[in-house]
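Report on one structure; see the data block that follows.
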Amino acid sequence: MNVSGPGFMPKDTIKTVLVGANLGDEFMSIAKSTGNVLTSDAVGDIHIEHDGETGDANLVYGENIRSRVYKHDTTKEYDRYKVVSQSNFLTSQEQLSDVWGEYGSGSSVRVIRSSDNLTAQECAALAKKLFNLDRRKSLYYQVEVDRSLGLEINKIYPVLDSVVGINETMRVKELKFTIEDGADVVLATLERAI
Numbered sequence: 041m042n043v044s045g046p047g048f049m050p051k052d053t054i055k056t057v058l059v060g061a062n063l064g065d066e067f068m069s070i071a072k073s074t075g076n077v078l079t080s081d082a083v084g085d086i087h088i089e090h091d092g093e094t095g096d097a098n099l100v101y102g103e104n105i106r107s108r109v110y111k112h113d114t115t116k117e118y119d120r121y122k123v124v125s126q127s128n129f130l131t132s133q134e135q136l137s138d139v140w141g142e143y144g145s146g147s148s149v150r151v152i153r154s155s156d157n158l159t160a161q162e163c164a165a166l167a168k169k170l171f172n173l174d175r176r177k178s179l180y181y182q183v184e185v186d187r188s189l190g191l192e193i194n195k196i197y198p199v200l201d202s203v204v205g206i207n208e209t210m211r212v213k214e215l216k217f218t219i220e221d222g223a224d225v226v227l228a229t230l231e232r233a234i
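When you read off a place in the sequence shown, starting at 1, and then add 40, the result is the number in the working numbering.
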């Protein structure tokens with residue numbers, strides 16, 4: 041099984057399950073305990089969206105954000121995602137009939153053809169997953185803050201930067217601790233919490 045998504049899986053628990061009778065069901069129960077599971081296909085690819093805890097700090101540019109690097113690439117964002125899957129002849133007894141599902145609305149559409157045999161519900165879930173992943177990847181925001189704020193990995197913080205138009209909750213993806221001009225500072229890379 042291939043697991044993707046923000047956050048970490050409990051490795052010790054998974055090691056003890058490997059001797060279990062029904063490995064697939066046991067593994068899925070562990071995966072579901074760590075977040076919301078989206079199964080994207082029938083070959084064991086699992087994507088987990090973690091419901092991160094909310095941190096105590098509010099990050100505001102000009103108050104506790106000393107400096108920031110901002111990049112918003114709107115070419116990676118679409119209004120609507122449509123996933124088309126060719127049905128299996130043995131399952132549906134129809135040759136070359138397409139099954140599809142979509143997420144979002146608007147005129148800017150991204151169409152993805154899946155080589156796997158998916159149902160309409162699985163196509164819609166995969167379209168939602170791809171919509172969220174592309175939306176998350178479109179915004180790069182790195183801030184420099186004092187270490188005393190106590191930012192933590194995978195926690196969600198409200199971010200306000202009126203200069204560039206950011207007013208949303210963001211997840212801490214990466215932390216780097218440095219000393220600058222005698223002060224302990226943290227470089228935090230943030231991503232949209234979707």
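Don't be surprised by glycine CBs; every beta carbon is placed ideally from N, CA and C.
In this text, all values refer to a predicted model and were calculated from it rather than measured experimentally.
Counting C-beta atoms within 10 angstroms of its own C-beta, PHE171 has 16 or more neighbours from the protein chains shown and is therefore classed as buried.
Per the C-alpha coordinates, the member of TYR143, GLU214, VAL123 and GLN161 positioned closest to LEU230 is GLU214.
Between the stretch 103-118 and the stretch 153-168, the count of Cβ pairs shorter than 8 Å is below three; the stretches do not touch. Cβ-Cβ separation between TYR110 and GLY144: approximately 25 Å, too far for a contact (criterion under 8 Å). DSSP places ARG176 in no beta strand (DSSP E) but in the uninterrupted alpha helix (DSSP H) bounded by 160-177.
In chain order, VAL183, LEU191, VAL212 and LEU215 place their CB closer than 6 Å to the CB of ALA228, counting only its own chain and leaving out the 5 sequence neighbours on each side. LYS122 sits in a strand when the DSSP states are folded into three classes. At the C-beta level, ILE196 and GLY102 stay beyond 8 Å of one another.
Taking C-beta atoms under 8 Å as the contact rule, ASP156 and SER125 qualify, at a distance of about 6 Å. Secondary structure of LYS195 (DSSP, three-state): coil.
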